[in-house]
Amino acid sequence: MINFSRLLKVRETALDVKKHHNKRADEVPKHLIRYANVKAPMVAWNITRKCNFSCDICHLDSALEAESDELTTQEALEFIDQMASIKVPMISVYGGEPLTRDDFFILAGHAHNKGLRVILSSNAVLITEDTAREIAESGISYVGIDMDGFSQIGGVMDVVAGLEKALPAMKYLRDAGVGCGVRITIGDFNLSEMPSIVKTIEKAGLKRFAVCQHFGDRAWKTVKEERREIIDFLIDYAMKNPEMEVVTEQLYDDGVYLMQRVAEREPEL
Numbered sequence: 017m018i019n020f021s022r023l024l025k026v027r028e029t030a031l032d033v034k035k036h037h038n039k040r041a042d043e044v045p046k047h048l049i050r051y052a053n054v055k056a057p058m059v060a061w062n063i064t065r066k067c068n069f070s071c072d073i074c075h076l077d078s079a080l081e082a083e084s085d086e087l088t089t090q091e092a093l094e095f096i097d098q099m100a101s102i103k104v105p106m107i108s109v110y111g112g113e114p115l116t117r118d119d120f121f122i123l124a125g126h127a128h129n130k131g132l133r134v135i136l137s138s139n140a141v142l143i144t145e146d147t148a149r150e151i152a153e154s155g156i157s158y159v160g161i162d163m164d165g166f167s168q169i170g171g172v173m174d175v176v177a178g179l180e181k182a183l184p185a186m187k188y189l190r191d192a193g194v195g196c197g198v199r200i201t202i203g204d205f206n207l208s209e210m211p212s213i214v215k216t217i218e219k220a221g222l223k224r225f226a227v228c229q230h231f232g233d234r235a236w237k238t239v240k241e242e243r244r245e246i247i248d249f250l251i252d253y254a255m256k257n258p259e260m261e262v263v264t265e266q267l268y269d270d271g272v273y274l275m276q277r278v279a280e281r282e283p284e285l
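The number in this note's numbering is simply the position in the sequence shown, starting from 1, with 16 added.
Laid out in structure tokens, this is it:
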């Protein structure tokens with residue numbers, strides 16, 4: 017994950033990254049923890065394969081039913097204990113759709129009580145007003161809404177239409193005091209829509225969005241020139257809109273390009 021906004025918003029942010037990168041996680045501000053000298057990794061946990069969508073670009077090849085060998089409640093609780101024992105600072109919970117697990121809130125609450133920061137990735141279909149309150153009560157600090165399911169309309173990815181469908185869930189989360197943002201997949205099918213997509217995100221009142229590209233057999237891939245256009249757009253947008261947090265995921269080589277842009281802007285760094 018590369019946080020464009022924090023690395024571009026102000027010069028001091030880049031300097032802070034350099035200043036804190038050799039410190040322990042408990043010695044740095046929470047928003048800089050990813051740059052600290054963390055002995056234990058931040059964990060991305062695919063908690064189930066079960067999902068209520070069947071997206072063409074799913075990285076996990078999710079299904080309508082859970083796998084028979086998925087962790088039981090007790091096994092999952094023990095896994096959380098193991099993560100806490102080695103001081104994992106944060107877990108990002110993915111699926112499938114994590115909310116399809118009947119014991120999800122038991123697990124999330126246990127992780128929170130053990131001192132782990134918990135972030136949920138969800139397609140938002142199951143997030144009702146009551147569910148949003150449960151999410152807040154279990155200690156989850158942030159929900160990233162994956163737009164791939166909502167956006168797959170008639171076999172075509174339409175992120176703008178997908179965002180409109182997810183608006184109620186976003187409102188429920190905000191009303192419950194839970195931070196939320198959206199995660200969108202880019203490719204040749206929606207490159208030209210990026211300006212419309214960010215305008216819709218602004219209209220929804222969100223303060224954070226993540227852009228990603230999947231890889232593998234189901235990927236829609238962009239060519240080098242298109243990738244650069246996307247990153248240039250995101251860099252310019254982040255610099256002009258400091259109130260919005262812009263993040264890229266699974267686009268790690270773009271960090272090199274971002275570094276070049278930062279070096280042009282702040283050569284003394």
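Quick reminder that beta carbons are idealized off the backbone N, C-alpha and C, glycines included. None of these values were measured; they are calculated from a predicted model.
Straight through space, the alpha carbons of residue 90 and residue 112 are spaced by roughly 20 Å. In this structure, residue 128 places its C-beta atom within 8 Å of the C-beta atom of residue 154. With contacts defined by Cβ atoms closer than 8 Å, residue 200 and residue 185 do not form a contacting pair.
The residue among 140, 272 and 247 with its C-alpha nearest the C-alpha of residue 187 is 140. Comparing alpha carbon positions, the residue from 66, 106 and 71 closest to residue 57 is 106.
When DSSP states are grouped into helix, strand and coil, residue 92 belongs to the helix group.
Residues of the same chain with a CB within less than 8 Å of the CB of residue 245, apart from the 5 flanking positions on each side, are 207 in chain order.
According to the DSSP secondary-structure assignment, residue 144 is paired through a beta bridge with no residue. For residue 261, the closest alpha carbon among the candidates 280, 198 and 88 is that of 198. Taking every protein chain shown into account, the CB of residue 78 has 16 or more other CB atoms within 10 angstroms, so this residue is buried.
Less than 8 Å divides the Cβ of residue 117 from the Cβ of residue 63.
Note on residue 115: 16 or more other CB atoms within 10 angstroms of its CB, so buried under the neighbour-count rule. Looking at the backbone, the Cα of residue 150 and that of residue 110 are separated by about 17 Å.
In the three-state scheme derived from DSSP, where H, G and I count as helix and E and B as strand, residue 136 is classed as strand.
In this structure, DSSP gives residue 106 an extended state, which the three-state scheme calls strand. In this structure, DSSP gives residue 161 an extended state, which the three-state scheme calls strand.
Between the alpha carbons of residue 121 and residue 131 lies a distance of about 15 Å. Less than 8 Å divides the Cβ of residue 136 from the Cβ of residue 156. Contact between residue 192 and residue 148 holds, since their C-beta atoms are separated by about 4 Å, short of 8 Å. Restricting attention to 259, 98, 248 and 257, the CA atom closest to the CA of residue 275 is found in 248.
Excluding its 5 nearest sequence neighbours in each direction, residue 194 has C-beta neighbours in its own chain below 8 Å: 148, 151, 152, 156, 157, 158 and 159, listed in chain order.
Residue 178 sits in a helix when the DSSP states are folded into three classes. In the displayed model, residue 69 falls within coil according to three-state DSSP, outside both helix and strand.
Cβ atoms of residue 226 and residue 263 come within 8 Å of each other, at about 4 Å.
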